[in-house]
Amino acid sequence: MSILEYSRFVASLAFVLGLIGLLYVLARRYGSRRFGLGAGRGGPGNRLSVVEARALDGRHRLVLVRRDDVEHLILIGPDRSLVVEAGIREQLSFDRTLADTDDHEAKP
1 MSILEYSRFV
11 ASLAFVLGLI
21 GLLYVLARRY
31 GSRRFGLGAG
41 RGGPGNRLSV
51 VEARALDGRH
61 RLVLVRRDDV
71 EHLILIGPDR
81 SLVVEAGIRE
91 QLSFDRTLAD
101 TDDHEAKP
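The structure is reproduced here in structure tokens:
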């Protein structure tokens, strides 16, 4: 093999890797929103987010979804999905409740 063939190989490899990198950047920037994969990011204006997801076994998952400050627990399986509990209001943690109580007691 001559030096010309090696240089063509390296140039082709660099070109293909560049195309893969470009596709990766485009997919990260535009593709996630197009296919609904960016729904759990929860920025301003987003009403729907995935709070937590746990795998029960290889085929079933429990997913806690929040919509407009109301949470819903959903069991997702290969054949169907089931709403386990709907309308869960966000509960304050004990530490947060205790801190709020201390703030109210400190103010006369």
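Numbering (the numbering used here), first residue to last: 1 to 108. For glycine and all other residues, C-beta sits at the position ideal for the given N, C-alpha and C.
query: Under 9 Å between C-beta atoms of residue 47 and residue 28; result: no
query: CA nearest to the CA of residue 89, picked from 72, 78, 82; result: 72
query: Nearest-angstrom Cα separation, counted from residue 45 out to residue 82; result: 27 Å
query: Close Cβ partners of residue 54 (< 7 Å) along its chain, the five nearest in sequence each way excluded; result: 61, 62
query: N-terminal and C-terminal residue of the alpha helix (DSSP H) that residue 23 is part of; result: 3-26
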